[in-house]
Each structure stands twice: as C-alpha cells, then as structure tokens.
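In what follows, a structure is listed as structure tokens, so that the remarks can point back to it.
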Amino acid sequence: MSNDLRHRAPDTTPPHRDPAFGHWLLTELERRGWSRFYFAQSAGVHASMVYRWTEGQRPEPKQCEKIAEALNVDLDVVLAAAGHRPRQELAPGVIRAEAAALLNQVDEIHLIYFTAWMRALADPRTSDEILARIIARLPGLSRD
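This note's numbering applies: residue 146 is where the sequence shown begins, and numbers increase by one.
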C-alpha cells in the first residue's frame, strides 16, 4: 500500500461550523441595533462573510481580531466564543466583564439563578470559574 498523498481525494469537509458562535454574534449585533451589513462595513469584511459567521461558520483567528475591534470587545472573548481559546484560558476579569454585558440581555429569567448570578457578580471574591458555571445555567445565555 502506497503512502503517496497525491492519490488521496481532496478534503471536502465544510469549514468548521459552530452554531453557538453565530448565535453569539447575532446577539451582539441585536444588542447594538446593528444590521449584518453595517457590522460588515465596521469590521472591514464582505457582508457575505458576516452572513456565513451568523449561520455558524467559525471565523479564523485573524478575522476574530476584526470582529473584536468592530464590536469594541476584548479579543479573548471573541476567540473563546469562536472556539479558538478555551474559556478557562481567558484573561482574569474577562468572564466577569462578559457576565456584566450579558446582564443587558436578560429579560425574564429564573429568579434563583439570576439572584445567584447577581450576588456572585457583585462579590469580588467570586472566581471567574464560578461565574462561568452560573452563566452556563442561565437559560438561553450559555455560550459553551
């Protein structure tokens, strides 16, 4: 059996898809009242690329830089949302800032989880890991 790679069929696997990233990006755009087209202009990318991202195509790390700059968010948050960096590797305080931003998106939520989240967020002794666990339990807000 030959190890010659020239005879292998080309890889036709679609780009990595991550519906969670698309949801995250759409949420960020909606929170700002931005259209996909406006965001594309702000990020300096083609509108079709933004459409692919919101449909679940994961952006490359270089593209994450453009996304972070256009949204004015920490690059680590975008890299984690896109699956390029495990959430536990986020810089100290990034998860806390992300949790505070999520507060603006909360409509109706289970009172127990909301109360726990608010208490944990207000307590500077609460670790980012604990905040991440609470966020994961908040209905509709989990990003992992």
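Just so you know, even glycine gets a beta-carbon here, dropped at the ideal spot from N, CA and C.
These numbers come from a predicted model, not from an experiment.
{"Item": "Quick one: Cα of residue 280 to Cα of residue 262, how far?", "Value": "7 Å"}
{"Item": "CB residue 167 to CB residue 201, shorter than 8 Å?", "Value": "yes"}
{"Item": "Straight-line CA distance for residue 192 to residue 199?", "Value": "11 Å"}
{"Item": "Express the C-alpha separation of residue 173 and residue 218 in angstroms, rounding to a whole number.", "Value": "10 Å"}
{"Item": "Would residue 226 be called buried (16 or more neighbouring beta carbons within 10 Å of its own) or exposed?", "Value": "buried"}
{"Item": "Rounded to a whole number of angstroms, what is the C-alpha to C-alpha distance between residue 223 and residue 178?", "Value": "19 Å"}
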